[in-house]
Amino acid sequence: MPTSNITETLANLSITWILGMIAIATFLRVTLVRNSSPLARSSAEFLESGIIAIALVFLILRPFVVQAYFIPSPSMEPTLLGENGSGDRILVNKLDYRLRSPQRDNVVVFIPPAAATEGSPDEPSGAPINYIKRLIGAPGDVIQTTAGRVYINGAPYTHSDIREKFAQAGLFGDEAKQESQMDPQYDSQANYHVRFRPDAVLINDQPVPKSRVAEIITGFSGASVRIEPGVTRRNGVRLDEPFTAEDPDYDLQLLNGQSLKRDGANCRLNGVSISNDDYNRMAATPPGRVPPGCFFMMGDNRNDSKDSTEWGPLDGNRVVGKAQFIFWPLSRLRAIQ
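Counting from 562, one number per residue, gives the positions in the sequence shown under the working numbering.
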């Protein structure tokens, strides 16, 4: 079994397994104590130390101080990598938030609301699913996002539009080019991040200049190109977010403690579809604030994350701990910022 799988299994042993191991070890120790031989006494002492260690780690440290977690999805890229079973293994500090409130821009592990996990199975271990996102809004904050757009000869193009055109042009590799030609809806997002910058479009941080963008879209490199990156604002101030994979491709604000979101032609209120007319009417009202005792959570992979933009602010009672450190793989060993 790979080392990463062993660490994942050990980190998520259920309480039933832990108590079972302690019971078996205790029974063996009692049996050995009755034997007067030096080997039996030595083995009994070893088992006693093991029982104490297991109880300390799994019954005290893991529930109340620190626990290891596995990152299963790409929703926090590039900060945390997690896809196809090869995700980062991290340590989560459970003590910090017992002493103080979570802070803005912390990376936080939490129990998601029911609306976030409808149709999702529990973890194989039987433990409930936990999510990990970045805390963007604290109680009282006004959170808004504006979708990024590329305007070519005045016509707007979304991230999805640009991604599709780039895939067809072969900028994502020959395989993506062939797939996109056969299926215009081919999703290259899993492997390539598209980010808008005023002077260029970035593909996995590699710039594609405006002239090349114009050539790909129109066939003429001299076409007029204007790029407006998507932005996230907190209390009216544009956030500098170097940790995000992409700028947002959606418009969002809060309305009575719910997330009002328009993503292309899709308009939703806390994940429930609404008409474009209803959206426009609701969006015309002053933006709301994050309710007391709640936090607004967003994935760093802005356009590939199920978070508060879908199901609204998170109840603070669902917070588990602060993501502190990547411990596996060793090449990714670092503190989480």
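For glycine and all other residues, C-beta sits at the position ideal for the given N, C-alpha and C.
Got a sec? Which residues, its chain only, sit under 7 Å from ASN654 by beta carbon, not counting five neighbours each side? VAL627, GLY882, LYS883, GLN885
TODO: To the nearest angstrom, report how far apart LYS726 and LEU660 are at their CA atoms.
DONE: 50 Å
* **Residues of its chain near ASN796, where Cβ-Cβ distance is below 8 Å and the 5 sequence neighbours each way are ignored** => ASP702, VAL703
Next item on the list: Just confirm the distance between the C-beta atoms of GLY877 and GLY849, as a whole number of angstroms; I'd bet it's less than 8 Å.
Entry: Not a contact, Cβ separation roughly 17 Å.
Worksheet entry | Member of SER785, SER834, GLY818, ASP838 whose CA lies at the smallest distance from the CA of GLY873 | GLY818
Can you give me the C-alpha to C-alpha distance between ARG695 and MET582, rounded to a whole angstrom? 36 Å
Applying the 10 Å Cβ sphere with the 16-neighbour rule, what's the burial state of PRO663? buried
Checklist entry - For VAL769 versus VAL711, is the C-beta spacing smaller than 8 Å? => result no
inquiry  = Quick check on the DSSP output: the beta strand (DSSP E) that includes ARG758 runs from which residue to which?
reply    = 755-758
Quick one: what's GLU789 bridged to in DSSP? ARG710
**OP:** Please work out which residues of its chain come closer than 8 Å, Cβ to Cβ, to PRO809, disregarding the five sequence neighbours upstream and downstream, and give them in chain order.
**Re:** THR706, THR707, ALA708, GLY709, GLY791, VAL792, THR793, ARG863, ASN864
Is it buried or exposed, ARG595, if we count other Cβ atoms within 10 angstroms and call 16 or more buried? exposed
task = Using only alpha-carbon positions, find the residue among VAL798, ARG829, ARG895, ARG799 that is nearest to LEU813.
result = ARG829
Residue from ILE690, ALA806, VAL670, MET859 with nearest C-alpha to ARG758:
ALA806
Worksheet item: Who does ARG724 pair with in a DSSP beta bridge?
Response: Answer is none; ARG724 lacks a bridge partner.
Review point. Which same chain residues, not among the five before or five after ASP760, have their C-beta less than 8 Å away from its C-beta?
Key: PRO768, PRO770, LYS771, ILE788
I'd like to check one pair, ALA730 with ILE777: are the Cβ atoms closer than 8 Å?
yes
> Near ARG823, what residues of its chain come up, given a Cβ to Cβ distance below 7 Å and the 5 sequence neighbours on each side ignored?
Replying inline: TYR811, ASP812, TYR840
ask   = In the structure shown, what three-state DSSP assignment does THR784 receive?
value = Looking at the sequence provided, one finds Ala at residue 784 rather than Thr. In this structure, ALA784 counts as coil in the three-state DSSP scheme.
- Query: Ends of the beta strand (DSSP E) at TYR692?
  - Reply: 692-698
In angstroms with no decimal places, state the Cα-to-Cα distance between ALA605 and PHE857.
52 Å
Check: For LYS867, does the three-state DSSP call read helix, strand or coil?
Finding: coil
Please report the Cβ distance between SER820 and SER869, rounded to the nearest whole angstrom; I am assuming they are in contact, meaning their Cβ atoms lie under 8 Å.
6 Å
task: Could you say which of THR719, ALA784, ARG756 lies nearest to ILE713 if we only look at CA atoms?
output: ALA784
Segments of 3+ residues assigned as beta strand (DSSP E) that fall wholly inside the region 849-893:
855-859, 880-889
On a CA-only basis, which of MET859, VAL755, ILE613 is nearest ALA584? Give me that one, please.
-> ILE613
ask   = Quick one: what's ILE764 bridged to in DSSP?
value = VAL755, GLN767
**Message:** Contact defined as beta carbons within less than 8 Å: I believe ASP722 pairs with PHE804. What is the distance between those atoms, to the nearest angstrom?
**Reply:** About 25 Å separates the two Cβ atoms, so there is no contact after all.
So what's GLN729 in DSSP terms, helix, strand or just coil? helix
How far does the alpha helix (DSSP H) with LEU641 in it reach, from first residue to last? Run containing LEU641: none; DSSP gives neither H nor E here.
Pairwise C-alpha distance: ILE651 and ILE887:
4 Å
- Query: How many angstroms separate the CA atom of LEU641 from the CA atom of PRO852?
  - Reply: 28 Å
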